[in-house]
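Numbering (full-length UniProt numbering), first residue to last: 1 to 196.
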C-alpha cells in the first residue's frame with residue numbers, strides 16, 4: 001500500500017513537471033513570436049526599431065518572471081519574489097531610457113521599493129505565522145497602510161502635486177477601516193487560540 005502511494009505521488013509529480021515544461025515552452029514560443037512580429041511591423045512602418053524595443057523589454061521581463069514559476073522545483077514564491085526584486089529596477093531603467101522619461105525610473109523605483117518591502121513583509125507574515133492565518137491576515141492589513149500612504153505620497157512628490165483633501169480623506173478612511181479589520185482578525189485569532 002505504501003509503495004502504491006509513493007508511486008502515485010511520484011507519477012503525479014512527474015505529470016505536473018511535464019505540464020509545467022510544456023506550458024513554459026508554449027509561453028516562450030509565444031513570447032518569441034510576438035517579439036519577432038513586433039520588430040517586423042515596427043521596422044516596416046518606421047524603417048527602424050522604435051516602439052518595438054519597449055515591447056521587447058516588457059516581454060523579456062515577463063519571461064524572466066516565468067522562470068521560477070514554471071522551472072523552479074522548490075521555494076517557488078521566494079525565488080519569484082527574489083527575481084522580481086532584482087529584475088524590476090533594470091527593467092524600469094531600460095523603459096525610462098526608451099521612452100526618454102527619467103522620472104519614470106526614479107518614481108517607479110521608489111514605488112517598486114515600497115511595494116517590494118510590503119510584499120516581502122506579507123510573505124514573511126504568512127510563513128512565520130502559518131498556523132495562525134487569521135492573525136497573519138491582520139498583520140497584512142496593517143502592512144497595507146504604510147504601503148498605501150508611501151505610494152501615494154511618492155507619486156505626489158514626484159509629480160510635485162501635494163495630496164489633495166479628497167485623496168487624504170479616502171486614505172484616512174481606508175486606514176481606519178484597515179485598522180478595524182485588523183483588530184477583528186486579531187480578536188478572532190486570539191479567540192480561536194483560547195478556545196483550543
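Backbone N, C-alpha and C fix where the C-beta goes; we use that ideal spot for every residue, glycine too. Source: prediction; values computed, not measured.
query: Contact under 7 Å by Cβ, residue 105 with residue 93; result: yes
query: Continuous alpha helix (DSSP H) assignments of at least 4 residues falling wholly in the segment 26–103; result: 52–71, 76–98
query: Residue 61 and residue 91 closer than 7 Å at C-beta; result: yes
query: Nearest to residue 83 (by Cα), restricted to the options 150, 118, 67; result: 67
query: Whole runs of the alpha helix (DSSP H) within the segment 97–154, excluding any shorter than 4 residues; result: 102–128
query: Inter-residue CB distance, residue 114 and residue 147 (contact presumed, cutoff 8 Å); result: 6 Å
query: DSSP-derived helix/strand/coil call for residue 159; result: coil
query: DSSP state of residue 171 mapped onto helix, strand, coil; result: helix
query: Expected contact under 8 Å - CB spacing of residue 70 and residue 20 to nearest Å; result: 5 Å
query: Beta-carbon proximity check, residue 221 vs residue 116, cutoff 7 Å; result: With the chain covering only 1 through 196, there is no way to say anything about residue 221.
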